[in-house]
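First comes the structure, then the notes that go with it.
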Amino acid sequence: MSGGDAPSGRDLAARGVQRTLLRVLGARFSPVEVRAVDDLAPCYRRVTFHGPELLARRPMTPALWLRLWFEDGDRRAQRAFTFVDPDPGSGTFDVWFALHDADGPAVRWARTARPGDVLGATVLTRPLVLPTPPPAAALLAGDETAVPAIASILAALPPSVAVRVLLQGPPGLPLRSAGHVRVEHVPDLAGAVATLALEHPDTYAWVAAESDVVRDVKRLLREQHGLPPARVGGQGYWRAGQAMGSSR
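Here is the structure:
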């Protein structure tokens, strides 16, 4: 960890319980060090980490996420983030921090992060498997929390796939239309999906946002647009009224 006082006995005990549970589930802690910090947009800060041990443990698949652990008073708090541009050869990867108005431990850390800072990290997630062969078209939908995952999926899709991206969130999100990718900013994901016309019957859809929104959007894609369940993926990244992540 970066900075802070020496941990108390209670804190060490809590961390011991966390580490035991994560090891049972197959996760191991690794240190990751900040190499660079820059701003992608007014609401997004990119932090480049060096963590070769972390990257060597599993194949880097689209939308793969990790847990980072932060100082939170006399506790440690974990938050989940998506790997962006992982490079096992150099041992580096990026994390895009959404600088929310909420004053959580991850946002506080990101606002002052600098090269040389060190965090603890774990990876415990199932990989996203994209269709094979690639679909004719893809629909990616999400709010500001989904932007890094959408960026990683875009990097994995070949240029032959016509991609439509629906984004709900503040202005300046760091995704732009380019080539085979069309980005549309919408005020309401479920409303936009309810009224859109799918241009290709062979469409793969993926959505990430607030959990209830994801449930509604996936239902619309299956029931209204007729996509088979195997062609509709996604994940609820947060719940309304609840803090993301947890503390010990």
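Final position of the sequence shown in UniProt numbering is 248; the numbers increase by one with none missing.
Each residue gets a CB set at the ideal place from its N, CA and C atoms; glycine is no exception.
This structure is a prediction, so every number in the text was calculated from the model and none was measured.
- Residue burial annotation: Thr122 is buried, with at least 16 other C-beta atoms found within 10 angstroms of its C-beta.
- Judged by their CB atoms, Pro127 and Thr82 are not nearer to each other than the 7 Å cut-off.
- Cβ-Cβ distances below 8 Å link Arg111 to Arg45 and Leu99 in the same chain, with the five nearest sequence neighbours on each side left out; the list follows chain order.
- In the displayed model, Ala98 falls within a strand according to three-state DSSP.
- Gly89 places its beta carbon 7 Å or farther from that of His50.
- Boundaries around Glu53 are those of the alpha helix (DSSP H), Pro52 to Leu55, since no beta strand (DSSP E) includes it.
- DSSP, reduced to helix, strand and coil, places Leu154 within a helical segment of the structure shown.
- The Cβ neighbour count for Pro133, taken over all protein chains shown within 10 Å, is under 16; the residue is labelled exposed.
- Cα atoms of Ala192 and Ala141: separation of roughly 10 Å, rounded to the nearest angstrom.
- Arg176 counts as exposed, since fewer than 16 other C-beta atoms from the protein chains shown sit within 10 angstroms of its C-beta.
- With respect to Thr145, Tyr237 sits close: the two C-beta atoms are nearer than 7 Å.
- Under the three-state reduction of DSSP, Gly191 is assigned to helix.
- For Thr122, the uninterrupted beta strand (DSSP E) run begins and ends at Val118 to Thr122, by DSSP.
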